[in-house]
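Here UniProt numbering is used: position 114 in the sequence shown is 114, and no number is missing along the way.
First comes the structure, then the notes that go with it.
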Amino acid sequence: MNTDQEEDANTVVEVRLVKVTPKAQEEKLHRAISLRKAKLAKLTSTVNQVRHLMESEDDSSLEEAKQLMEDFDRLFGEFYELNTNVKELFQQTYEDDKDKDQESWFEPKANSFKTFAETAHAWIQETILRTSEVVIYSQEVQPSDSISNASCSQRSATSSRHSSRASAASSTRMKAEIERATLLIKASSLKQKQALEEKEAKLKREKEELEMQTALAENEAKIKILSDYEERDSKSSVHDGMNAYAESRRVKSLPVTSQLSSQHHTPPKQVQHSNTLPSVPRTSVANKPSPSADGLQNVFEVLTKQQKLATLPPQNIPVFKGDPLEYRLFIRAFEHGVEDKTDNDKDRLYYMEQYTSGQPRELIRSCLHMDPTRGYKEAKRLLEEHFGNAYKISVAYINKALDWPTIKSDDGEALHAFGLYLTGCRNAMNDVELWRSAEHVMEQCKKMKKSLHKEKIDFLRAKGLCFSCLKQGHMSNSCKEKMSCQVCSQLHPTVLHIKAKTKEVEPEVESSGTGEKTSESVVNGFVGMKTPAHGTEDTEHILSIVPVQVKAKQGQKITQTHAFLDPGSTACFCTEELMQELSLTGRNTNILLKTMGEEKVVSSHIVSGLEVSSLDNNDFFELPDMYSHSNIPASVENVPSPEYVSKWPYLQQVSIPKIDAKIGLLIGTNAPKAIEPWQVIASEKAVRTQ
């Protein structure tokens with residue numbers, strides 16, 4: 001029992017050790033690179049010392065050079081081991097930078113060291129041979145050969161000639177030994193080269209034999225299929241002949257009256273010829289393919305198709321790094337290259353982890369601890385949710401288009417590139433539309449809402465959906481779950497509501513300020529507030545408009561204006577006049593502006609960095625991105641004046657300064673900090689905001 005617990009504990013520790021954070025992996029990589037650079041410095045120092053000894057041409061430094069080369073070989077091996085560690089860490093963190101590091105940094109230095117090692121070892125061997133030659137020569141010259149020790153001139157001359165001949169022979173022998181050593185080295189290299197060439201030739205022969213065997217196997221398969229087909233065809237022909245014979249026997253056994261009648265109208269030769277007529281249908285029977293022949297033909301077609309597929313070039317699956325623009329390309333390549341070729345979800349999951357990097361890889365690795373089938377489905381779902389969402393893909397395309405570099409008028413190549421990108425955007429959006437059949441509530445279908453009423457009816461009829469509950473399986477006249485319209489409260493789905501024609505709104509009727517909200521449009525509701533008459537006939541239309549001061553985030557100029565706090569608007573607006581006064585600029589855009597029963601596309605600018613505060617302090621805070629418009633749908637008559645506020649006793653503590661300025665801002669619900677209530681006064685509910 002204790003042993004099992006220890007094994008479980010060890011297993012847990014191993015799992016935790018595998019989970020290294022990206023930051024820790026990066027630090028580990030930097031340490032390994034530093035160690036490799038330090039080893040490179042030692043190698044370079046050793047190389048410089050050996051080169052200095054080689055240039056000095058001092059044979060006495062041979063032993064020192066040999067010792068330095070031993071150190072060099074050891075350091076070079078350690079340098080290789082450190083580089084292997086760096087490669088593994090690059091594989092785990094920055095896989096794309098691995099090839100760049102090896103090709104541009106490591107390989108040039110390694111090749112340089114290899115060349116130096118060959119040169120240094122050759123110099124050492126040459127120095128050893130030269131030193132041996134000198135030693136042999138010194139041994140050949142004896143003290144007795146000296147002229148001072150000669151007893152006579154003849155003996156001295158004879159000894160001198162002998163010594164000269166010995167020295168010449170020794171020198172010749174040393175040269176021969178040097179040449180022999182060189183030839184031995186070349187012979188060894190030649191043997192290695194010949195062995196490699198033999199291996200290459202063997203592999204080439206095996207490849208050619210495999211191709212020939214494959215061609216022969218294909219030919220034999222075709223011949224076998226055709227032979228089987230011919231054999232079955234011949235058997236079918238024999239069978240048809242037997243049928244013809246049986247048919248002729250049946251004709252002969254007909255009643256005599258029929259034979260006599262035929263003989264009465266037909267000459268005997270023609271009667272005899274008529275006995276062969278049953279052979280005519282044999283041709284039609286033989287031409288009709290039998291089920292077995294169809295099966296063989298299908299097998300032949302499958303073999304041919306597989307052979308063609310085998311000749312296709314290998315499929316390259318791109319590594320997905322988290323770019324939404326590359327998600328569809330990756331997922332389709334993965335499904336075609338991996339998912340369609342294996343039913344094992346475990347293999348699919350590991351291949352998916354292999355072909356991802358960065359955040360996508362972290363998501364995939366989190367699913368490796370799950371059951372393979374459930375983990376693979378969850379991995380695909382997470383990738384679809386975080387990177388394949390249609391909205392995110394659309395936003396990515398839009399952002400890339402908006403951030404496109406400025407194209408000069410004479411830069412045709414840049415304009416062509418931008419045109420190709422827009423074509424890709426259009427194709428991508430068509431691809432996104434293909435996913436509109438995914439499961440979602442019909443009442444919330446954006447494409448359904450934008451369609452014409454006739455198109456909605458045709459779509460529901462084509463899909464067999466009920467007109468009352470938008471479900472399948474029954475008709476609207478027998479529907480028991482009829483939906484109620486949220487607009488007119490009648491018994492039909494809201495998405496099928498037919499909007500009435502827009503009518504003029506009477507002045508005394510309050511506008512509701514409500515409207516359908518979509519993520520692709522801006523809703524602006526003009527909210528009128530009618531004050532109680534209190535026995536008088538005068539009515540005033542006062543809106544939530546307050547005096548404020550505004551400035552650009554990067555500017556110093558402060559100007560005063562009125563801000564319309566509109567809870568019926570989903571966006572903030574500023575006038576173009578205010579933009580010019582504060583020297584603000586913005587990106588051009590088009591917005592779908594929805595007001596009371598009206599929808600229209602207007603040209604606008606996206607303005608960023610506008611700050612606002614009240615008049616009594618300089619506590620500015622930044623508003624969200626705003627849209628520019630020619631004017632704000634309110635006038636100075638709608639601004640609450642001090643005289644108007646003084647009419648109400650419970651509003652005596654409310655102080656609204658009067659300024660001479662137009663209405664330059666409209667603040668909607670996307671700026672909650674600006675319209676957040678700080679104080680609410682009872683009775684008629686005066687609201688104070690920031």
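Every residue gets a Cβ at the ideal spot worked out from N, C-alpha and C, and that includes glycine.
{"Check": "LYS673, buried or exposed, once every other Cβ within 10 Å from all chains shown has been counted against 16", "Outcome": "exposed"}
{"Check": "Presumed contact (8 Å Cβ cut-off) between ILE545 and ALA661, rounded CB distance", "Outcome": "Their Cβ separation, rounded to whole angstroms, is 11 Å, which puts ILE545 and ALA661 out of contact at 8 Å."}
{"Check": "Whole-angstrom distance between ASN670 and LYS553, CA atom to CA atom", "Outcome": "19 Å"}
{"Check": "Inter-residue Cα distance where the pair is ASN399 and SER489", "Outcome": "41 Å"}
{"Check": "Cβ-based burial, LEU312 [other Cβ within 10 Å; buried from 16]", "Outcome": "exposed"}
{"Check": "Inter-residue spacing [alpha-carbon to alpha-carbon] between VAL319 and GLY419", "Outcome": "27 Å"}
{"Check": "One or two residues paired with VAL601 in a DSSP bridge", "Outcome": "LEU592"}
{"Check": "Chain-order list of residues whose beta-carbon lies under 7 Å from that of ASP345 (same chain, five-residue window excluded)", "Outcome": "PRO372, THR373, TYR376"}
{"Check": "Unbroken alpha helix (DSSP H) run spanning PHE76, endpoints", "Outcome": "62-92"}
{"Check": "Assigned secondary structure, MET448 (DSSP; H/G/I helix, E/B strand, else coil)", "Outcome": "helix"}
{"Check": "Best match in LEU651, VAL639, GLU676, LEU666 for proximity to LYS658 [C-alpha to C-alpha]", "Outcome": "VAL639"}
{"Check": "Nearest-angstrom beta carbon gap, ILE663 and PHE564 [assumed within contact, 8 Å]", "Outcome": "6 Å"}
{"Check": "Span of the alpha helix (DSSP H), counted from its first residue to its last, around PHE459", "Outcome": "453-463"}
{"Check": "Between the CA atoms of LEU82 and VAL556 - distance to the nearest angstrom", "Outcome": "It should be noted that the sequence gives Gln, not Val, for residue 556. Roughly 57 Å separates the two Cα atoms."}
{"Check": "Backbone secondary structure at LYS175 - three-state DSSP", "Outcome": "helix"}
{"Check": "Separation of TYR421 from HIS369, as counted between CA atoms", "Outcome": "40 Å"}
{"Check": "LEU610 beta carbon less than 8 Å from that of VAL602", "Outcome": "no"}
{"Check": "Stretch pair the segment 66-78 + the segment 114-127: three plus CB contacts closer than 8 Å", "Outcome": "yes"}
{"Check": "Three-state secondary structure assigned by DSSP to CYS485", "Outcome": "coil"}
{"Check": "Counted within 10 angstroms of its Cβ, other Cβ atoms place SER112 as buried (16 or more) or exposed", "Outcome": "exposed"}
{"Check": "Buried or exposed by the 16-neighbour rule on C-beta atoms within 10 Å, applied to GLN472", "Outcome": "exposed"}
{"Check": "Beta-carbon proximity check, LYS408 vs PRO360, cutoff 8 Å", "Outcome": "no"}
{"Check": "Alpha-carbon to alpha-carbon, THR214 and LEU226", "Outcome": "18 Å"}
{"Check": "Pairwise C-alpha distance: ARG461 and THR541", "Outcome": "Here the sequence assigns His to residue 541, which means Thr is not the residue at that position. So the alpha carbons of these two residues sit roughly 49 Å apart."}
{"Check": "Classification of GLN549 by the beta-carbon crowding that lies within 10 angstroms, buried from 16 upward", "Outcome": "buried"}
{"Check": "Close-in-space but distant-in-sequence residues of the same chain around PHE300 (CB under 6 Å, 5 per side omitted)", "Outcome": "ILE225"}
{"Check": "Meets three-Cβ-pair contact criterion under 8 Å: the segment 565-585 and the segment 615-628", "Outcome": "yes"}
{"Check": "Exposure label - PRO677; buried when at least 16 CB within 10 Å", "Outcome": "exposed"}
{"Check": "Boundaries of the alpha helix (DSSP H) in which GLU26 is found, first to last residue", "Outcome": "22-56"}
{"Check": "Boundaries (first-last residue) of the alpha helix (DSSP H) holding MET579", "Outcome": "576-581"}
{"Check": "Sequence-distant residues of its chain with Cβ nearer than 8 Å to ILE128 (five each side left out)", "Outcome": "LEU62"}
{"Check": "DSSP beta-bridge partners of ALA110", "Outcome": "Its beta-bridge partners do not exist; DSSP assigns none."}
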